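Quick notes on the structure that follows.
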Amino acid sequence: MRSNFRPNIRLATNILLVIGTFSITLKIAPVAEVYREKNLCIKHLKHQIDRDTLIKRLKIVKQANPSSICESILKS
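In my numbering, the protein residues as written are 381 to 456.
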């Protein structure tokens with residue numbers, strides 16, 4: 381009779397790799413969001429995107445001043 385020890389170890393290793401991959405992805409997502417916002421603000425300051433596009437992509441209220449919002453985003 382053959383032992384199932386090796387296939388079980390391989391299966392457990394694969395499951396742990398999948399769990400680890402998803403946990404890393406979940407930890408990186410907020411960092412990516414911050415850099416996305418910073419890049420949008422830099423493009424706005426370089427006049428590569430207009431004010432309405434910036435407001436839409438950052439999902440902010442139109443009454444807010446994008447320049448002051450960009451300053452606070454770029455400082456953090």
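From the three backbone atoms N, C-alpha and C, an ideal C-beta is built for every residue, glycine too. Since the model is a prediction, treat every value here as computed from it, not as a measurement.
C-beta contact flag for residue i and residue j at 7 Å
i: Leu434; j: His424; result: yes
i: Ile453; j: Glu417; result: yes
Enclosing alpha helix (DSSP H) for residue i [first to last residue]
i: Lys441; result: First, the amino acid is wrong: residue 441 is Val here, not Lys. Note, Val441: premise wrong, no alpha helix (DSSP H); not H, not E.
i: Ser452; result: Pro446 to Lys455
Within the chosen definition, does the region 435 to 443 reach the region 391 to 401 through at least 3 CB pairs nearer than 8 Å?
Too few Cβ pairs lie closer than 8 Å, so no.
Write down every uninterrupted run of the alpha helix (DSSP H) in the region 404 to 438 whose length is 4 residues or greater and which is fully enclosed by it, in chain order.
Taken in chain order, the unbroken stretches of alpha helix (DSSP H) that lie wholly in the region 404 to 438 and span 4 residues or more are 431 to 438.
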